[in-house]
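My numbering applies: residue 7 is where the sequence shown begins, and numbers increase by one.
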Amino acid sequence: RGLRKGMLVTVGRSSGGAGPTAVAFDSGSNVILNALAAKEGATSWERRAVAAGVYAVGSFPIRVFGEVEAVLTLYSEVASFFDEDEVSLLNSLSDDLGFGLEVARREAAARMAEEQRKYWREMMRSVVENAPYSIALFYRELRYLYVSTRYLEVYRVTKEELLGKHHYDVFPEIPEKWRRAHKRALA
Numbered sequence: 007r008g009l010r011k012g013m014l015v016t017v018g019r020s021s022g023g024a025g026p027t028a029v030a031f032d033s034g035s036n037v038i039l040n041a042l043a044a045k046e047g048a049t050s051w052e053r054r055a056v057a058a059g060v061y062a063v064g065s066f067p068i069r070v071f072g073e074v075e076a077v078l079t080l081y082s083e084v085a086s087f088f089d090e091d092e093v094s095l096l097n098s099l100s101d102d103l104g105f106g107l108e109v110a111r112r113e114a115a116a117r118m119a120e121e122q123r124k125y126w127r128e129m130m131r132s133v134v135e136n137a138p139y140s141i142a143l144f145y146r147e148l149r150y151l152y153v154s155t156r157y158l159e160v161y162r163v164t165k166e167e168l169l170g171k172h173h174y175d176v177f178p179e180i181p182e183k184w185r186r187a188h189k190r191a192l193a
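In structure tokens, the structure reads:
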């Protein structure tokens, strides 16, 4: 209601904010003010809060990966609203919110990493397939991953005959000395 009008909430390192949200953000600790009306030397925001019918404020830091990134601030029309049980519940809520933000960020990072992997796989496939040379790219266990068009022409095979198959299954006549060399190279 009237509390928001004309209020500027500043938070962050060295923000200079002195209200409960700013203090909770900067200190990383809860700020509980349960008796705004009875407080001597009230600040201008406290006077506005009381005039708007707010008699208790609780600010609870929300940590994401250990850093305070937000603050849950609640205002109450009831003095002494933030008792031990309420504070415990709101601490759990702020922890849950922080955990939810962590999960969302991890999921976003995983999606981004997967998109990057897809991009680079596609880039590698395109580079190999379109190279003017005879190139075969294998998984570590010597299964075909990508082959150039030139490779298919030189060895007179199709992609379907190669991709995912083991090199020795496709070319069983490979001499033992080459097999040993492959084994050493892959060790």
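Beta carbons: idealized from backbone N, C-alpha and C, even for Gly.
- The stretch 62 to 145 contains, as complete beta strand (DSSP E) runs of 3+ residues, the segments 62 to 70, 73 to 82 and 142 to 144 (chain order).
- In the DSSP assignment, residue 176 falls outside any beta strand (DSSP E) and lies within the alpha helix (DSSP H) extending over 173 to 176.
- Contact between the stretch 120 to 138 and the stretch 151 to 170 is established, with three or more Cβ pairs separated by less than 8 Å.
- In the DSSP annotation of this structure, the continuous segment of the beta strand (DSSP E) that includes residue 39 starts and ends at 37 to 39.
- When only Cα atoms are considered, residue 142 and residue 77 end up about 55 Å apart.
- Residue state for residue 148 is assigned as coil, using DSSP reduced to three classes.
- With contacts defined by Cβ atoms closer than 8 Å, residue 85 and residue 43 form a contacting pair.
- Note that the C-beta distance between residue 63 and residue 55 is below 8 Å.
- Residue 42 has no beta-bridge partner at all, per DSSP.
- In the DSSP assignment, residue 158 falls within the unbroken alpha helix (DSSP H) covering 155 to 161.
- Contact between the stretch 83 to 99 and the stretch 108 to 125 is absent: fewer than 3 CB-CB pairs across the two stretches fall below 8 Å.
- Counted as a single uninterrupted DSSP element, the alpha helix (DSSP H) harbouring residue 56 occupies residues 50 to 57.
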